[in-house]
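*Asks:*
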Amino acid sequence: MGVDLREFVKPVAVEIDPRTLIKKVVAIDAYNALYQFLATIRQPNGEPFTAPDGRITSHLIGLFYRTINLVEMGIKPVYVFDGKPPELKVKTLEKRRMIREEAKRKRLSAMKRGNVEEAVKYAKQGAILTRELKEMAIKLLDLMALPRVQAPSEGEAQAAYMAKKGDAYASVSQDYDSLLFGTPRLIRNLSVTHKRKLPGKNERVEVPPELIELQKLLKYRRITHEQLIDIAILLGTDYNEKPIKGIGPKRAIELIRMYGSADRVPGVPERFKEIYPEVKRLFLEPEVTDDYKLDRDRQPDIEGIVKYLVDELGFNEKRVRKALERYMKGREKRKQQTIDDFLGGLI
DNA sequence: CTAGCGAA
DNA sequence: TTCGCTAGC
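Residue 7 in the working numbering sits at position 6 of the first sequence, and the numbers go up by one each step.
(1) Identify which residue in Pro287, Pro250, Tyr36 has its Cα closest to the Cα of Glu157.
(2) Going residue by residue through the stretch 93-143, where are the continuous alpha helix (DSSP H) segments of at least 4 residues, counting only ones entirely within it?
(3) Which whole-angstrom value is the C-beta distance of Leu35 and Leu71, which I expect to be below 8 Å?
(4) Thinking C-alpha only, which one of Val307, Ala14, Ser154 is nearest Asp83?
(5) Pair every Cβ in the stretch 240-247 with every Cβ in the stretch 211-230, then say whether three or more of these pairs are closer than 8 Å.
(6) Would Val150 and Gln159 be called neighbours here (beta carbons separated by less than 8 Å)?
(7) Can you give the beta carbon distance from Tyr177 to Val10, rounded, assuming they're within the 8 Å contact cut?
(8) Taking the alpha-carbon positions, what's the Arg98 to Glu255 distance?
(9) With H, G and I counted as helix, E and B as strand and the rest as coil, what does DSSP make of Asn46?
(10) Around the Cβ of Arg299, are there at least 16 other Cβ atoms within 10 angstroms (buried) or fewer (exposed)?
(11) Figure out for me which residue from Met329, Ile306, Val26, Ile129 has the closest Cα to the Cα of Asp168.
(12) Let me know the secondary structure DSSP gives Tyr80 once reduced to three states.
(13) So what does DSSP say about Asn241, is it helix, strand or coil?
(14) Tell me whether Gln216 sits in a helix, a strand or coil according to DSSP, three-state version.
(15) Using a Cβ-Cβ cutoff of less than 6 Å, which residues in the same chain neighbour Gln126 once the five nearest sequence positions on both sides are dropped?
(16) Excluding the 5 residues preceding and the 5 following Phe343 in the sequence, name in chain order all residues of the same chain whose CB lies nearer than 8 Å to its CB.
(17) Could you give the distance in angstroms between the alpha-carbon of Leu180 and the alpha-carbon of Tyr170?
(18) Say yes only if the C-beta of Asp30 is nearer than 7 Å to one or more non-hydrogen atoms of the ligand PLP, and no if none qualify.
(19) Going by DSSP in three states, Ser172 sits in which element: helix, strand or coil?
(20) Which residue marks the beginning of the alpha helix (DSSP H) containing Ile188, and which one marks its end?
(21) How long is the line joining the alpha carbons of Lys202 and Glu119, rounded to whole angstroms?
(22) Are the stretch 302-313 and the stretch 137-145 touching, with three or more C-beta to C-beta distances below 8 Å?
(23) Which residues does DSSP pair with Ala28 in a beta bridge?
(24) Taking Tyr80 and Ala128 to be in contact with their CB atoms under 8 Å, please state how far apart those CB atoms are, rounded to whole angstroms.
(25) To the nearest angstrom, how far is the alpha carbon of Lys251 from that of Thr21?
(26) Counting only runs of 4+ residues fully inside the stretch 239-321, write out the alpha helix (DSSP H) ranges in chain order.
(27) Assuming Pro210 contacts Ile188 (C-beta within less than 8 Å), just tell me the rounded distance between them.
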């Protein structure tokens with residue numbers, strides 16, 4: 002979820018051709034990606050896809066085919082997984098659970114009325130990414146020999162850190178929080194074909210990948226990174242509720258310019274002033290780690306993947322093998338590129 | 001979300 | 001080739 006900075010960021014967001022990411026490492030917010038797959042890859046009745054034993058597979062369908070497309074194109078994905086959420090986020094997580102329960106009630110009621118479309122809508126809202134689903138994704142990534150990073154706390158913070166260090170070119174997430182964590186580049190809507198279903202409607206629209214550069218945003222808005230965080234805090238983040246009603250991005254900038262920081266804005270509740278320093282610290286100095294390696298040396302376990310996806314989870318073998326062929330070709334091509342670059346460097 | 005297929 | 005639709009598990 003996170004902060005809604007869409008309007009704030011829009012003027013500097015630029016559409017990019019995914020080919021501009023060739024040979025670049027992109028740090029993908031795994032939670033965000035898996036959640037997205039889980040919510041969108043559904044059967045016509047709104048139910049997720051499942052293995053014969055009942056385990057959900059929608060997230061793996063997305064992960065498998067999307068990742069292979071990226072690799073085939075020459076992009077180097079690394080998935081970053083969440084660790085332990087900060088204390089202040091626990092309330093947000095509880096609120097999300099309430100929303101899911103509410104969605105479940107609405108789905109059942111829509112079903113009783115025979116309103117399939119509405120039932121499907123609420124089924125998607127009720128999507129929940131369990132530990133088991135996450136473990137399945139990790140198992141698949143390891144079999145595919147794709148690098149992954151376990152963040153100590155927030156995955157987006159870890160991805161931003163890796164991008165800041167230069168280990169990744171950009172963070173990939175639908176959420177804007179990465180910018181608050183200081184990622185120099187945020188990529189949204191990363192996919193190879195850009196067709197996406199419009200929520201509610203049955204039409205599809207082109208949603209091309211877009212790049213948001215932090216420095217460009219700060220320059221355009223004539224603010225500092227710290228002020229950006231304060232603006233987000235006024236709008237409400239995963240760690241704090243919106244302190245004052247009726248404040249959008251426009252007013253938030255003015256208020257931060259006028260008063261310097263969010264806790265000094267007149268009218269904010271005492272409770273807000275109390276948690277403010279900690280909220281700000283969570284964005285400025287999030288818990289991250291250097292304990293990761295993005296090695297490219299491991300080889301994918303093709304038969305292991307087939308055993309897992311086909312024998313255990315019921316994927317279609319022909320499809321899986323065809324995709325794996327594309328995957329291996331993509332990896333080979335990339336290896337050759339790397340060798341070429343190396344030789345080029347010697348000349 | 002993506003692949004694949006038949007229609008335009 | 002591109003478009004539109006369906007199936008995927």
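We treat Cβ as the ideally placed atom computed from N, Cα and C, and that holds for glycine.
*Replies:* According to the data block:
(1) The residue labelled residue 157 in the question sits at position 156 within the first sequence. Nearest of Pro287, Pro250, Tyr36 to Glu157, Cα basis: Pro287.
(2) 117-126
(3) Your numbering for residue 35 matches position 34 in the first sequence. Your numbering for residue 71 matches position 70 in the first sequence. Wrong, their Cβ atoms sit about 15 Å apart, outside the cutoff.
(4) Counting from 1 along the first sequence, the entry for residue 83 is found at position 82. Of Val307, Ala14, Ser154, the residue nearest in Cα terms is Ser154.
(5) no
(6) For this step, residue 150 is matched to residue 149 along the first sequence. For this step, residue 159 is matched to residue 158 along the first sequence. Yes. Within cutoff.
(7) By 1-based counting over the first sequence, the position of residue 177 is 176. By 1-based counting over the first sequence, the position of residue 10 is 9. Indeed, because the Cβ distance is near 6 Å, the residues count as touching under 8 Å.
(8) Mapped onto the first sequence, residue 98 falls at position 97. Mapped onto the first sequence, residue 255 falls at position 254. Cα to Cα, the separation comes out at about 34 Å.
(9) For the purposes of this step, residue 46 is taken as the residue at position 45 of the first sequence. Of the three classes helix, strand and coil, the one that applies to Asn46 here is coil, per DSSP.
(10) Here residue 299 corresponds to residue number 298 of the first sequence, with the count starting at 1. Arg299 is exposed by the Cβ-count criterion.
(11) Translated into the one-based positions of the first sequence, residue 168 becomes position 167. Checked all of Met329, Ile306, Val26, Ile129; the closest Cα to Asp168 is Val26.
(12) Here residue 80 refers to the residue found at position 79 of the first sequence. Tyr80 falls in the strand class under three-state DSSP.
(13) Taking the first residue of the first sequence as position 1, residue 241 is located at position 240. Residue state, collapsed to three classes: strand.
(14) Mapped onto the first sequence, residue 216 falls at position 215. Three-state DSSP puts Gln216 in a helix.
(15) Numbered from 1 along the first sequence, position 125 holds the residue referred to as residue 126. Excluding residues within five positions, the ones whose Cβ falls inside 6 Å are Ala104.
(16) Position 342 of the first sequence, counted from the start, is the residue given in the question as residue 343. The pLDDT assigned to Phe343 is 47, lower than 50, so where the model puts this residue is not dependable, and the model offers no usable value.
(17) On the first sequence, position 179 is the one that residue 180 refers to. On the first sequence, position 169 is the one that residue 170 refers to. Leu180 and Tyr170: Cα-Cα distance of roughly 14 Å.
(18) What this structure holds is no ligand at all, so the ligand PLP is not there to describe.
(19) What you label residue 172 is simply residue 171 of the first sequence in a count that begins at 1. Residue state, collapsed to three classes: strand.
(20) Start at 1 with the first residue of the first sequence, and residue 188 comes out as number 187. Counting along the chain, Ile188 falls outside any alpha helix (DSSP H), though it belongs to the beta strand (DSSP E) covering 186-189.
(21) Sequence index remark: in the first sequence, residue 202 carries index 201 (1-based). Sequence index remark: in the first sequence, residue 119 carries index 118 (1-based). With a pLDDT of 41 at Lys202, under the threshold of 50, the modelled position of this residue cannot be trusted; read the value that follows with caution. Cα-Cα distance, rounded: 11 Å.
(22) yes
(23) Here residue 28 corresponds to residue number 27 of the first sequence, with the count starting at 1. Per DSSP, Val79, Ser172.
(24) The residue you call residue 80 lines up with position 79 of the first sequence. The residue you call residue 128 lines up with position 127 of the first sequence. With a Cβ gap of about 19 Å, Tyr80 and Ala128 do not count as contacting.
(25) Here residue 251 refers to the residue found at position 250 when the first sequence is read from its first residue. Here residue 21 refers to the residue found at position 20 when the first sequence is read from its first residue. Cα to Cα, Lys251 sits roughly 32 Å from Thr21.
(26) Runs of the alpha helix (DSSP H) spanning 4 or more residues and lying entirely within the stretch 239-321 occur at 250-260, 271-285, 303-307, in chain order.
(27) Within the first sequence, the letter at position 209 stands for residue 210. Within the first sequence, the letter at position 187 stands for residue 188. Right, their Cβ atoms sit about 6 Å apart.
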